[in-house]
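Add 898 to the 1-based position in the sequence shown for this note's numbering, that's all there is to it.
Heads up, the beta-carbon is just placed ideally off N, CA and C, and yes, glycines get one too.
This report concerns only the one structure given below.
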Amino acid sequence: MTDTLQKFMFESAPVRGELVEISDTWREVQARNTYPKAVKTLLGEMISAAALLSANLKFNGAIVMQIHGDGPVRLLVVECDSALQLRATAKVAPGATIADDATLPELVNANHQGRFVITLDPKDKLPGQQPYQGIVPLDGDSIATVIENYMMRSEQLDTKLWLAANDDVARGMLLQKLPKDGGTGSAMENDAEAWNHIVMLGSTVRNDELLATDIQTMMHRLFWEETIRVFDARHPSFHCNCSREKVGNMLKMLGREEVDSALDDLGTLAINCDFCGQHYEFDKVDCVQLFVADTATDATVQPPRDTRH
Ligand SMILES: [Zn+2]
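This is the structure:
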């Protein structure tokens, strides 16, 4: 099985759909870290969601989903670009014990201080252009519900998501009502009815069924009564775009004083990429060069600005 994302459209209703199955990429993510079961499930669901949303990006760039948790899970990050290249990582609080069936609020929003940020990051930014960040309220029991609410609020798009993950595979389905300009009252009513009907068909899928069923079978099983237009399949893959230059920029953001004092303690700074495990080392000479280069080009690194909407 190759990792696959399949888009489709309903002929009889202004609704688009997507099914995704991510196996090899998901294994690559898990090969680099060991996570408790509930964290693994959540990360897998986020991977499916990121792929499903990225497939509809209208720009060349990436979607970054970040949850800063206030409970046993401190951080979850999933990135997926327009080419469906994915990377993901999670950080669990040291010593935390996490039940296999821990819920989303228990994992990341135990004290109502959890933050979920979705960033749309175009690849070829204009000078000074910031990535677009949306704060997503963690107002649901599942990541699917949270993202559905976000899509409604930010894009005014009726969206339904089904997400599931186990050790072997992360799968998901998206249904989305296409926005339509104009139309008379009765046409809108028909559209709403057709949307509700398709969502009802989609809602018959059980979590274990979603996990165990390939895309073609699933599409047929759920929507055999409907006429569906199927697009060319696409293939998500694992890719980490970390680089020595990016790690250097991160050190520059820490500031010279901080870096110098760490160098005094450690001699050499060793940094492992959280996403792919790539090892980077910066010794004293490397660090001096970093800051010399910085003053020479007068480069400034600014943290991204939050935009609430
Ligand atoms: Zn990396």
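(Q) Let's test the definition: count the other Cβ atoms within 10 Å of the Cβ of W1122 and tell me whether it reaches 16, buried, or not, exposed. (A) exposed
Q. Could you check where the alpha helix (DSSP H) with H1095 kicks off and where it finishes?
A. 1083–1100
Q: Assuming C1185 and V1157 form a contact by the criterion Cβ under 8 Å, report the distance between their Cβ atoms to the nearest whole angstrom.
A: 5 Å
Q) Distance, Cα to Cα, K1150 vs K1182? A) 13 Å
Q) In whole angstroms, what is the alpha-carbon distance linking Q904 and I920? A) 12 Å
**Q.** Inter-residue CB distance, Q984 and T923 (contact presumed, cutoff 8 Å)
**A.** In the sequence as presented, Gln is not what sits at residue 984; that position holds Leu. That belief holds up - the Cβ atoms of L984 and T923 are roughly 5 Å apart, short of 8 Å.
Q) Among E909, S910, F908, R914, which has the Cα closest to the Cα of L1209? A) This structure cannot settle anything about residue 1209, because the visible part of the chain is limited to 899 through 1207.
Q. What separation, rounded to the nearest whole angstrom, lies between the Cα atoms of E909 and T1125?
A. 6 Å
Q | Ranges of the alpha helix (DSSP H) found wholly within the region 1092–1150, counting only runs of at least 4 | A | 1105–1110, 1113–1121
Q) Is N954 helix, strand or coil when you go by DSSP? A) coil
**Q.** Close beta carbons around A994, own chain, < 6 Å, minus the five adjacent residues each side
**A.** P970
Q: Could you give the DSSP three-state label for Y933: helix, strand or coil?
A: coil
Q. So V937 and L1005 are in contact, right, with Cβ under 8 Å, and what is the actual spacing, rounded?
A. 7 Å
Q: Whole angstroms is fine: what's the gap from H1137's alpha carbon to A911's?
A: 36 Å
Q.
Given 7 Å as the limit, tell me if Q928 has its C-beta closer than that to any heavy atom belonging to ligand 1.
A. no
Q. Measuring from the CB of F1173, is there a heavy atom of ligand 1 at a distance below 7 Å?
A. yes
Q: Note down the Cα distance separating S980 from L955, rounded to an integer number of angstroms.
A: 7 Å
Q. Between which two residues does the alpha helix (DSSP H) carrying A1041 extend?
A. In the sequence as displayed, the identity of residue 1041 is Ile instead of Ala. 1041–1053 is the span of the alpha helix (DSSP H), which, as asked, contains I1041.
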